[in-house]
Amino acid sequence: MQTGRSAAEGMKEKASNVGAAAKSGMDKTKASMEEKADKMRAHGGGEKEMAREKRDQRQAEAEMNKQEKYEENAAQKEAARPGGTVGHTHTGATGPTTGHGTAGSYI
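Just so it is clear: in the sequence shown, position 22 is 22 by UniProt numbering, and no numbers are missing.
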């Protein structure tokens, strides 16, 4: 059974993740709408393709931001636990990763 504090931290993490997912969804929708507007203004196939690529880039960025927020929320929850360690988030070429300290582990 979870203690009151860890249950509250879990709920806080879930609420933050819901907010991050909602923001990501709005950003993706905004990217799609901007693509449609750019396509309507486009004069050729090249400009329409650029609009599509721009949309894909914006949507990928929104998803990456969401995943980073999820990792940040999980790290905050872990740090709030007694004896918890604070992880560090790194974003590399393949996407975000979380490194954890070695506190509390035997090497």
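Here a beta-carbon is modelled for each residue, glycine too, at the ideal position from N, C-alpha and C. Only a predicted model underlies this, so the values are computations on that prediction, with no experimental measurement involved.
Residue i - DSSP class collapsed to helix/strand/coil
{"i": "Ser105", "result": "Unreliable positioning characterises Ser105 in this predicted model, as indicated by a pLDDT of 44, which lies under 50. The coordinate reading is nonetheless provided below. Residue state, collapsed to three classes: coil."}
{"i": "Thr3", "result": "coil"}
{"i": "Gly19", "result": "helix"}
{"i": "residue 108", "result": "This structure leaves residue 108 out entirely; the chain is present only between 1 and 107."}
{"i": "Ala75", "result": "helix"}
{"i": "Gly25", "result": "helix"}
Rounded Cβ spacing between residue i and residue j (contact assumed at less than 8 Å)
{"i": "Lys54", "j": "Glu13", "result": "About 33 Å separates the two Cβ atoms, so there is no contact after all."}
{"i": "Lys28", "j": "Ala62", "result": "5 Å"}
{"i": "Lys39", "j": "Lys30", "result": "In fact, because the Cβ distance is near 15 Å, the residues do not count as touching under 8 Å."}
CB of residue i within 7 Å of CB of residue j, strictly
{"i": "Asn17", "j": "Asn73", "result": "yes"}
{"i": "Ala80", "j": "Glu9", "result": "yes"}
{"i": "Lys69", "j": "Ala15", "result": "no"}
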